[in-house]
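Below is one structure, written out as structure tokens, with a few remarks after it.
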Amino acid sequence: MTVRFPELEQVRLATRPEVRDRHLEAVSSALSQRARGSRGRARLLAVAVAAVLLLPVAALAAEDAVPGDILYPLKRAIEPVVQVFDSSAPAERRVREVEVLFERDAPDEVIVERVDVARDTIHDDRHDLRDRIDRVVQELEVRRDQKGTERPVEERPPPNESEEVPVVPSDSRDGSSTSTSSSTTTVADSVSDSRPAKDRRSDG
Amino acid sequence: MSNSGLLTAQGVWITGLTETGSHPLDVHVAGIRTRSDAAFRAVYAAMADDLLSFAFGMLNDRKTSEDVVQQAFVELVRNADKIRGDGRSLRAWLYKSVRFGCLDEYRRRSRRPEVPHETLPDAVVETDPLADHLDPMLEAALGQLSKRHRSAVILRHVVGLSPDEIAKVMGSTRRATYAVLSRAETKLRDLLDGVS
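Order-wise, the sequence lines are chains R and H. Numbered per my numbering, the first sequence spans residues 1385 to 1588. Numbered per my numbering, the second sequence spans residues -7 to 188.
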């Protein structure tokens, strides 16, 4: 037998016109917000896609970046990936950076600092890279001389006229190409030579 | 027994629906998924009164019921792309959303002190069709049903859903829904007749 509930007739309501308008307004508002959100997400997606597409281009452009360049952090960020394919890549890149800095006529102290970093990175068996670094250091010396600023070499008295006995640690500078036996500062002196003793001896 | 439903002259589907064949909301489902304003307006026109009646039967407060219905449609906007199936699924989704809104309101009320119903009033009084509350006797009787029983009775006897549809709304099986309906109807009849 079906149970009837005439008492429940009063539960049935009709939506009042003003309430209907308010509800539809709320729905339209939610739809608009959603559409704006969708457009925002679409823009974000477009930026993300553009970034992904531009990343290889930026990575290529960053290859010649040196410390101080905008793209240099990107170059360092992708270096672990490059290193997977070529373990000596970091050393070569540091040496190249020194050369680029020199070509760009960067301040001496910047180059000297990067020379240190490069030498720390070079493996013992990469004499070619050491030679390239040494070449930059020598050219830097020459450039300093030509510029006449600081002029450490000119200010330095000739060895035979100096009354001072140069204090040089016995385990350093003994065979370097810049061993002019002086206590005054040269570019080579300001660059700490981290090479093993055997390498330094072979330079002489 | 399956309720075949009735489409009014205003195009509003006001009672239970057949379990097979097309459904008046079918044509709007695609528009809802793509968040078409026209589709939302059409579905609102077809469903608002039924949803409001269901919420009113659950909450006995017209204004709160209106808020619950509004929230259900706003939720539908947010979840439109997740709506699956046909018009019946959309309809069940809306009832389910209103039911959850009503349960949330119950939870809110439970945190607020309320005057308990001591006894049932002597007789059912005639009420204004635009009244904000049910007549006290009916509310007292409905208030003694569990929320599940109350939902089932309102969905069946006010909105006109079939037991199958009620099962979908309440997340239950058809057999369990029949049992719930049977117990709820008997209890409400007894309460209204003053048996208990």
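For glycine and all other residues, C-beta sits at the position ideal for the given N, C-alpha and C.
Quiz item: Hey, how far is the Cα of Leu43/H from the Cα of Leu17/H?
Solution: 14 Å
Exercise. Could you give the DSSP three-state label for Arg167/H: helix, strand or coil?
Key: helix
Quiz prompt | Delimiting residues of the alpha helix (DSSP H) encompassing Ala1502/R | solution = 1492 to 1505
Practice problem: For Phe92/H, name the three-state secondary structure that DSSP assigns. | Solution: Phe92/H: helix per DSSP, three-state reduction.
Quiz item: Quick one, are the C-beta atoms of Met162/H and Ser138/H less than 9 Å apart?
Solution: no
Quiz item: Taking all protein chains shown into account, do 16 or more other C-beta atoms lie within 10 angstroms of the C-beta of Tyr87/H, making it buried, or fewer, making it exposed?
Solution: Answer is buried; the Cβ neighbour count reaches 16.
Self-check item: Listed by chain order, chain H residues near Ser1471/R by CB distance under 9 Å
Solution: Against chain H, a Cβ distance below 9 Å from Ser1471/R picks out nothing, because the smallest value is about 50 Å.
Quiz item: Can Val150/H and Phe46/H be called in contact, C-beta distance under 9 Å?
Solution: yes
Quiz item: So the alpha helix (DSSP H) Asp18/H belongs to, where does it begin and stop?
Solution: Run containing Asp18/H: 18 to 25, per the alpha helix (DSSP H) assignment.
Practice problem: In the DSSP assignment, find the unbroken alpha helix (DSSP H) run with Phe1469/R in it and report its ends. | Solution: 1456 to 1469
Quiz item: chain R partners of Ser164/H, CB-CB under 9 Å?
Solution: Ordered by position in chain R, no residue passes the 9 Å Cβ test against Ser164/H, which lies about 20 Å from the chain.
Quiz item: Whose Cβ in chain R lies nearer than 9 Å to the Cβ of Gly77/H?
Solution: Ordered by position in chain R, no residue passes the 9 Å Cβ test against Gly77/H, which lies about 21 Å from the chain.
Quiz item: In angstroms, rounded to a whole number, what distance separates the CA positions of Val90/H and Val61/H?
Solution: A straight line joining the alpha-carbon of Val90/H with that of Val61/H spans about 6 Å.
Practice problem: Give me the Cα-Cα distance between His20/H and Asp41/H, rounded to the nearest whole angstrom. | Solution: 18 Å
Quiz prompt | Per-residue burial, Gln1417/R [other beta carbons within 10 Å of its own, 16 or more giving buried] | solution = By the 10 Å Cβ count, Gln1417/R comes out exposed.
Quiz item: Where Ala1489/R and Leu1428/R are concerned, what is the direct C-alpha to C-alpha distance, given to the nearest angstrom?
Solution: Note on residue identity: the sequence assigns Asp, not Ala, to residue 1489/R. Cα to Cα, Asp1489/R sits roughly 41 Å from Leu1428/R.
Quiz prompt | Partners in chain R for Val150/H, counting only beta-carbon separations shorter than 7 Å | solution = Below the 7 Å Cβ cutoff, chain R contributes Leu1392, Val1395, Arg1396 as neighbours of Val150/H, in chain order.
Quiz item: Arg1510/R versus chain H: which residues are under 8 Å apart at the beta carbon?
Solution: Chain H residues near Arg1510/R: none, gap ~59 Å exceeds 8 Å.
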